[in-house]
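Residue numbers (the working numbering), protein chains in the order written: chain A, 726 to 1021; chain B, 726 to 1021.
This report concerns only the one structure given below.
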């Protein structure tokens, strides 16, 4: 017999559909965590069917952990944020996923992170990891800045730093710019062979470029001229992202993502001092959205 | 009856396998042009079979124009330069194309252009069009610099300028940098909509980016700050390509490609004055290679 979930005791699921992992968290009406589940990437750009499958997998895993494996998805109130969910048409093409659930509100992964980090209060976040983007939730508007991907955006991100570094390495191997310890290290990883570099690039994904980013920070700390120049320009891009959020005067801005800590020494100290520690995460934000639909 | 070609009266074909067109030129032993033919791109990265087909099409068209349509390909002495012919393994995988002809020597398109431009004498060229690369033919060595493609190379090229401009436009639309007349012009072409930009980028080829390059030159001439900054950095990249060739002291360097003229006002005048006018083209170079095989 299928268990019945009613508005009297609704169940909520928060889903964080990231670029590498899709995570789901199930809570009761009091916010107690009943179960959690995981699946592979639910980046919206992968297409409806794969994303739908990962969302179902992660949600069913959370139900199972809660001992509620017989609960139908159609009984759940869901809030989700998906990486790559940025186009206007996405709002309609996602309908088959929304139809799985009793209620479902969708946004992008930056929005739920911002919501969670500031526990539903107004504020902004800059995420700088493999990619980069900024999000504000303010009385005037909620808006994502950047997030246009590796080809056209992702300034200051790990993929951006790695990409620039590989470009510089090829210029150095071609003796068109001076080599440095940084370009030597990258060149060595390609056995000093531009052909290897080219072959690698034919299938390299943003995450593959981002793997070189730690080297940029490492050599910048040793005053490598190419690394320092890259850090100067990337930090300026990051500062521009923070400043666009400061203009909203929410008084709450947090810097998140795998490279947030590494950038701290490069940020102007007054800017760094103005940043807040995250009070929650993207799953918290997704659950806030889920609850807001039916409990206002 | 098939006509017979002998070493006593050899026929030569020069083939310029470019990124958009494959051209063939047939000459007799005295260098008289007997016929010319054209086909689609013979960029080596398209793969053996399509490139082979275009080379055959262009060559047969040249034979036909010469009234020699019954001449077998196996009677012809061929020199060819192919775009994208850069990897060591290309030297063996191209064998089925070489086997079509009585003799066939292959290089990349930059090499035959350099050979033709300087009529077989030592010298160097920088090609700056949709892509970019440099080539030297010198006593010490013959070498291509750059030519690593849109993702990792092509500095100062039209694709590079266009790409940087679209990136800047998105930053301006996101209010992270000031807009300018240049970014406004690009933004207008995308109906001021970052989403259109993103959708376009999903299928945009280097040539699509390069279409924006003329706008960069146009607005730089009107002192647009973003256009000027781009021109400063791209010109520095172009100068580095010229200087790496000057180090060989051949005394002959030419600047070629669709953007060569547009860059002239930005080059240091002593550098510009040192450049030579091309004395021939890539087909001339390919024919020089073809002849060299059997007439030393």
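Think of the CB as a built atom: it goes at the ideal place given N, C-alpha and C, for glycine as much as any other residue.
Given the structure is predicted, the values throughout are model-derived calculations rather than measurements.
Buried or exposed (CB count within 10 angstroms, at least 16 for buried), residue i
i	result
residue 879 of chain B	buried
residue 931 of chain A	buried
residue 919 of chain A	buried
residue 824 of chain A	exposed
residue 1019 of chain A	exposed
residue 957 of chain A	exposed
residue 783 of chain A	buried
residue 833 of chain A	buried
residue 813 of chain B	exposed
residue 917 of chain A	exposed
residue 882 of chain A	buried
residue 946 of chain A	exposed
residue 713 of chain A	Outside the shown range of chain A, which is 726 to 1021, sits residue 713 of chain A, and nothing can be said about it.
residue 989 of chain B	exposed
residue 753 of chain B	exposed
residue 869 of chain B	buried
residue 728 of chain B	Per-residue confidence for residue 728 of chain B stands at a pLDDT of 47, beneath the threshold of 50, marking its modelled position as unreliable; no derived number is given.
residue 821 of chain A	exposed
residue 792 of chain B	exposed
Backbone CA spacing between residue i and residue j [nearest angstrom]
i	j	result
residue 953 of chain A	residue 929 of chain A	25 Å
residue 999 of chain A	residue 970 of chain A	12 Å
residue 923 of chain A	residue 864 of chain A	48 Å
residue 857 of chain B	residue 819 of chain A	42 Å
residue 768 of chain A	residue 803 of chain A	17 Å
residue 780 of chain B	residue 926 of chain B	31 Å
residue 976 of chain B	residue 852 of chain B	17 Å
residue 985 of chain A	residue 854 of chain A	7 Å
residue 884 of chain A	residue 766 of chain B	32 Å
residue 995 of chain A	residue 983 of chain B	48 Å
residue 943 of chain B	residue 1016 of chain A	54 Å
residue 914 of chain A	residue 937 of chain A	10 Å
residue 891 of chain B	residue 741 of chain B	32 Å
residue 836 of chain A	residue 861 of chain A	8 Å
residue 738 of chain A	residue 756 of chain A	10 Å
residue 1009 of chain B	residue 841 of chain B	5 Å
residue 897 of chain B	residue 905 of chain B	8 Å
residue 794 of chain A	residue 1012 of chain A	20 Å
residue 968 of chain B	residue 847 of chain B	16 Å
residue 684 of chain B	residue 966 of chain A	This structure gives no information on residue 684 of chain B, because the portion of chain B shown stretches from 726 to 1021.
residue 850 of chain A	residue 875 of chain A	19 Å
residue 772 of chain B	residue 839 of chain B	24 Å
residue 859 of chain B	residue 899 of chain A	10 Å
residue 902 of chain B	residue 886 of chain A	19 Å
Any C-beta of chain A under 8 Å from that of residue i
i	result
residue 873 of chain B	yes
residue 776 of chain B	no
residue 878 of chain B	yes
residue 941 of chain B	no
residue 966 of chain B	yes
residue 866 of chain B	no
residue 850 of chain B	no
residue 922 of chain B	yes
residue 900 of chain B	yes
residue 936 of chain B	no
residue 816 of chain B	no
residue 994 of chain B	no
residue 832 of chain B	no
residue 926 of chain B	yes
residue 870 of chain B	yes
Residues bridged to residue i [DSSP beta-bridge criterion]
i	result
residue 833 of chain A	A:807
residue 859 of chain B	B:851 and B:870
residue 877 of chain A	DSSP lists no partner for residue 877 of chain A.
residue 740 of chain A	A:749 and A:805
residue 760 of chain B	B:751
residue 816 of chain B	BP columns for residue 816 of chain B are empty, so no partner.
residue 799 of chain B	For residue 799 of chain B, which the question treats as bridged, DSSP gives no partner whatsoever.
residue 828 of chain B	B:802
Min CB distance residue i to chain B below 8 Å
i	result
residue 915 of chain A	no
residue 955 of chain A	no
residue 839 of chain A	no
residue 676 of chain A	Outside the shown range of chain A, which is 726 to 1021, sits residue 676 of chain A, and nothing can be said about it.
residue 737 of chain A	no
residue 679 of chain A	Here chain A comprises residues numbered 726 to 1021, so residue 679 of chain A is not present and cannot be evaluated.
residue 895 of chain A	yes
residue 853 of chain A	no
residue 1002 of chain A	no
Q. Could you give the uninterrupted runs of the beta strand (DSSP E) lying entirely in the region 929-1016 of chain A, keeping only those of 3 residues or more?
A. Those beta strand (DSSP E) runs which fall completely within the region 929-1016 of chain A and span 3+ residues are 978-981.
Q. Which runs of the alpha helix (DSSP H) spanning at least 4 residues fall entirely within the region 879-907 of chain A, listed in chain order?
A. Taken in chain order, the whole alpha helix (DSSP H) runs of length 4 or more contained in the region 879-907 of chain A are 883-898.
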